[in-house]
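In the working numbering, the protein residues as written are 863 to 1094.
Down below is the structure, laid out as structure tokens.
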């Protein structure tokens, strides 16, 4: 299935920022705001945007590092990691959430939007997807190995939309104790589902990383599509 892709510009009070938009072959479908890792809207993130567009969704990924420089793309080598951490630490999370809100508004303005909107975030973006759901901006939310969610459980009661979290059992950045803490906090919330993938490391969905786990990535993608199909 062919998809149409382009960079668009979104207006904000501080200036314009870019967002990578993919439209499915049908030209219509539900929406997804896809939230980057700390490596920018790089080749991997763009490929994931296109993957979900091929699945029939209108997908948009905002460039959340634009205040440090437009369309920064980093690789997963040592230099890329160092720069990515610097950019993450320099990012105002509140302003990033404002950018996501504006991106959702831009997605709502797309003529082909037909249905609700989900947020799907990876790593740093997984935490932002959690906050996007808590802010009531989307109809459903998905988080892949969302770093720091365990430190924001004071917002748990604000999650009142269907929310799917993916974690790797062997994640060296998010210990299982943190996942268990999150699971315990959401135990009574039937809207929240948590899946832990055996032997999967942090970044298991990213085929550009050494930590890529094909089986976990395939299962998580399938679980996400079923979840979106049921809830969106």
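Ideal Cβ positions, reconstructed from N, Cα and C, are used throughout, including at glycine.
Check	Outcome
Please state the DSSP three-state secondary structure of residue 913.	helix
Please state if the CB of residue 1015 and the CB of residue 1047 are separated by a distance shorter than 8 Å.	yes
Using a 10 Å radius around the Cβ and a threshold of 16 neighbouring Cβ atoms, would you call residue 1005 buried or exposed?	buried
Counting C-beta neighbours from all protein chains within 10 Å, is the total for residue 898 16 or more, i.e. buried, or is it exposed?	buried
My guess is that residue 933 and residue 903 are in contact by the Cβ rule of under 8 Å, so how many angstroms apart are they, rounded?	7 Å
What span of residues does the beta strand (DSSP E) with residue 956 cover, start to end?	Segment 955-970 is the alpha helix (DSSP H) holding residue 956; no beta strand (DSSP E) there.
Which full runs of the alpha helix (DSSP H) of 4+ residues lie inside the region 1058-1092, going along the chain?	none
Quick check on residue 883: does DSSP put it in helix, strand or coil?	strand
DSSP puts residue 1097 in a beta bridge; with which residues?	Past the boundaries of the shown model lies residue 1097; the chain is included only from 863 to 1094, so the question cannot be answered.
Classify residue 1022: buried if its beta carbon has 16 or more other beta carbons within 10 angstroms, exposed otherwise.	exposed
Tell me where the alpha helix (DSSP H) around residue 986 begins and ends.	986-996
Report the option in 941, 1018, 1093 whose CA atom is closest to the CA atom of residue 1043.	1018
DSSP state of residue 1026, grouped into three classes?	strand
At a Cβ threshold of 8 Å, is residue 1073 touching chain C?	Note that chain C does not occur in the displayed structure, where there is just one protein chain.
Are there 16 or more other CB atoms within 10 angstroms of the CB of residue 967, so buried, or fewer, so exposed?	exposed
Which residue from 963, 1085, 883 puts its Cα closest to that of residue 996?	963
Report the residue from 1013, 989, 1033 whose alpha carbon sits nearest the alpha carbon of residue 1003.	989
Short check: CB of residue 915 to CB of residue 886, under 8 Å?	yes
Which of helix, strand or coil does DSSP assign to residue 942?	helix
According to the Cβ coordinates, are residue 925 and residue 986 closer than 8 Å?	no
So, at 7 Å on beta carbons, what are the nonlocal neighbours of residue 1035 in its own chain, with the 5 sequence-adjacent residues on each side left out?	1009, 1064
Helix, strand or coil: which one does DSSP assign to residue 876?	coil
Can you grab the Cα-Cα spacing for the pair residue 923 / residue 1092, in whole Å?	23 Å
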